[in-house]
Amino acid sequence: MSHALPPRPRASHNGGALKGTIRVPGDKSISHRAMMFGAMALGRTTVTGLLEGEDVLATGRAMQALGAKIEKTGDIWQIDGLGVGGFLAPETDLDFGNAGTGARLTMGLVGAYPFVSRFVGDASLTARPMKRVLDPLRAIGVEVVEHHDNRLPIALKGPTDPVPVNYRVPMASAQVKSCVLLAGLVIPGTTTVVEPIMTRDHTEKMLAGFGADISIDTDADGVRTIRVEGLPDFKAQTLIVPGDPSSAGFPLVAALIVPGSEVVIENVLMNPTRTGLIETLLEMGGDIAIENRRTSGGEDIADLRVKHSRLKGVRVPLERAPSMIDEYPVLAVAAAFAEGVTEMPGIDELRVKESDRLAAVARGLEANGVACEEGHDYLTVTGKGSVPGGGSVKTHLDHRIAMSFLVMGMASDTPVNVDDDRMIATSFPSFQSDFVRLGAGFSNVEDAA
Numbered sequence: 001m002s003h004a005l006p007p008r009p010r011a012s013h014n015g016g017a018l019k020g021t022i023r024v025p026g027d028k029s030i031s032h033r034a035m036m037f038g039a040m041a042l043g044r045t046t047v048t049g050l051l052e053g054e055d056v057l058a059t060g061r062a063m064q065a066l067g068a069k070i071e072k073t074g075d076i077w078q079i080d081g082l083g084v085g086g087f088l089a090p091e092t093d094l095d096f097g098n099a100g101t102g103a104r105l106t107m108g109l110v111g112a113y114p115f116v117s118r119f120v121g122d123a124s125l126t127a128r129p130m131k132r133v134l135d136p137l138r139a140i141g142v143e144v145v146e147h148h149d150n151r152l153p154i155a156l157k158g159p160t161d162p163v164p165v166n167y168r169v170p171m172a173s174a175q176v177k178s179c180v181l182l183a184g185l186v187i188p189g190t191t192t193v194v195e196p197i198m199t200r201d202h203t204e205k206m207l208a209g210f211g212a213d214i215s216i217d218t219d220a221d222g223v224r225t226i227r228v229e230g231l232p233d234f235k236a237q238t239l240i241v242p243g244d245p246s247s248a249g250f251p252l253v254a255a256l257i258v259p260g261s262e263v264v265i266e267n268v269l270m271n272p273t274r275t276g277l278i279e280t281l282l283e284m285g286g287d288i289a290i291e292n293r294r295t296s297g298g299e300d301i302a303d304l305r306v307k308h309s310r311l312k313g314v315r316v317p318l319e320r321a322p323s324m325i326d327e328y329p330v331l332a333v334a335a336a337f338a339e340g341v342t343e344m345p346g347i348d349e350l351r352v353k354e355s356d357r358l359a360a361v362a363r364g365l366e367a368n369g370v371a372c373e374e375g376h377d378y379l380t381v382t383g384k385g386s387v388p389g390g391g392s393v394k395t396h397l398d399h400r401i402a403m404s405f406l407v408m409g410m411a412s413d414t415p416v417n418v419d420d421d422r423m424i425a426t427s428f429p430s431f432q433s434d435f436v437r438l439g440a441g442f443s444n445v446e447d448a449a
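Residue numbers (full-length UniProt numbering): 1 to 449.
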């Protein structure tokens, strides 16, 4: 998607109960890693269920620029990898569009290689801070040849003799942890990451699955020490990507707040580091049945049966934030329809996403008649069981802001407008068509500024 194109405003309105079954796109975090790990493995890795949003495809193009062969046959993606240490110097910039995960993890993936790799992105990604991953890379000996106040465009050149590090992650960030672990793959010796608060562990699971020598120790305080040995023999795998729990949050909340709704969301990833939204909505009184539990590729999967519910305000535990950081925008929508106050502490990470999501959510709530209080690292929403709606929301090119407020419009008294919906394709290309099939109503907007 080119952000040079004119915006496409969209409105959603209350079209009645949502009914039916939906299968959300493949998990975004696992899809990014499937592209990367397949590119590092010797042989052909096959992937089904891949999220074919623009962010993941941008990561795939970057892997191709580094020498991997990637093609799609029917519903199966085939990745012919080069082996750990086998990437080639890219002849062009690595353009990640809006893919922050792809950019940050790939900086770790290729940062220690002794060639220059240059990272670029769209206007949204260019505005996002990268210091959190550049700092540990500098500790390894990576030269940051070019940067703009630690923002893209960024060019990296690895050292002749990189050294493994023992790095304590200063914030709860799966991207920073993963960046360091991936850099350690091409460094002889043991790279160690100390993680005070556990974040999503897809990188660790996939490292083990592809054949890395990885160990994880957790102390009595929950601090995790992760060690990975450099230069492993990665072997190709057959991967099935489960449904993204972040994307599942939209039909989940929609079914809870639209009267008369009953929706089944199939094939949802239930990794314990990703289920914070479900736990919170259950505490709010949500009628959510977890059915057909199973495993695939080491990950837990289930179907969710969700019915309209009367929700109540809660305080979300501070320690839960890392397991649901991307879901706070849609949780705020659920909180707007709840009775009472919902407190969300420890969410300053939202300020460095595709937009300042914390501010964007607060302004969107206010525009639609919902009382809230925004602090540096918290949001408090006072719900009254219904939402007036009628407001226009500035999305700041952020797909999760757009989808969250379109969900709000499905249950509000009057329609909710968003100023652009094009960026939804980065993570949920079928969002509108899937919701229309469930019974939601959308319309074009002449002016949603």
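Yeah, the Cβ is synthetic: ideal placement off N, Cα and C, and Gly gets one too. Here the structure is a predicted model, which is why all the values come from computation and not from measurement.
Judged by DSSP secondary structure, Thr203 falls within the alpha helix (DSSP H) whose first and last residues are 202-210.
If the five residues before and after Ile278 are omitted, its C-beta is found closer than 7 Å to the C-beta atoms of Ile288, all from its own chain and listed in chain order. Using a Cβ distance threshold of 8 Å, Ser427 and Ser215 do not count as a contacting pair.
A contact is defined here as three or more CB-CB pairs under 8 Å, and the segment 193-212 fails this definition with respect to the segment 393-406. Just measuring C-alpha positions, the residue of Tyr113, Ala236, Val381 sitting nearest Leu182 is Tyr113. Residue state for Leu94 is assigned as strand, using DSSP reduced to three classes. Annotation: Glu91 to Gly81 spans about 18 Å, alpha carbon to alpha carbon.
Distance from the Cα of Leu350 is smallest, within the candidate group Gly369, Pro196, Ala336, His376, for His376.
The beta carbon of Ser309 is closer than 7 Å to those of Leu256, Gly285, Gly286, Asp287 in its chain, skipping five residues each way along the sequence. Taking all protein chains in view, the Cβ of Glu71 is surrounded by fewer than 16 other Cβ atoms within 10 Å, so the residue is classified as exposed. Per the Cβ contact rule, the segment 92-103 is not in contact with the segment 137-151 (fewer than 3 Cβ pairs under 8 Å). For Ala183, the enclosing alpha helix (DSSP H) starts and ends at 174-184. A buried status is given to Ser178, since no fewer than 16 other beta-carbon atoms sit within 10 Å of its beta-carbon. The beta carbon of Val163 sits closer than 8 Å to those of Ile140, Gly141, Ile187, Gly189, all from its chain and outside the five residues before and after it, given in chain order. The segment 240-283 is shown to contain whole alpha helix (DSSP H) runs of 4 or more residues at 245-257, 276-283, in chain order. With a threshold of 16 other beta carbon atoms within 10 Å, Gly385 falls short and is exposed. For Ser117, the uninterrupted beta strand (DSSP E) run begins and ends at 116-120, by DSSP.
Ile347 sits in coil when the DSSP states are folded into three classes, being neither helix nor strand. With a beta-carbon spacing of about 6 Å, Leu137 and Met107 fall inside the 8 Å limit used to define contacts. Between the C-alpha atoms of Met270 and Met198 there is a straight-line separation of about 16 Å. Assigned with DSSP and collapsed to three states, Ile154 falls in strand.
Beta-carbon to beta-carbon, Asn368 and Pro388 are separated by about 6 Å, close enough to satisfy the 8 Å threshold.
One Cα belongs to Leu125, the other to Ala338, and the distance between them is close to 34 Å. Where Ile214 is concerned, the enclosing beta strand (DSSP E) starts and stops at 214-218. Sequence-distant Cβ neighbours of Asp217 in its own chain, meaning closer than 6 Å and more than five residues away, are Thr225. Annotated three-state conformation of His399 is helix, per DSSP. CA-to-CA, the gap between Gly15 and Ala174 works out to about 38 Å. When DSSP states are grouped into helix, strand and coil, Ser124 belongs to the helix group.
Annotation for His148: no beta strand (DSSP E) segment contains it, and DSSP assigns it neither H nor E.
Remark: three or more beta-carbon pairs, one from each stretch, lie closer than 8 Å, so the segment 19-28 and the segment 434-447 are flagged as touching.
In the same chain as Ala335, and ignoring 5 residues on each side of it, the C-beta atoms closer than 6 Å to its own belong to Thr342, Val381, Gly383, in chain order. Assignment of alpha helix (DSSP H) within the segment 292-349, counting only whole runs of 4 or more residues, yields 328-337 in chain order.
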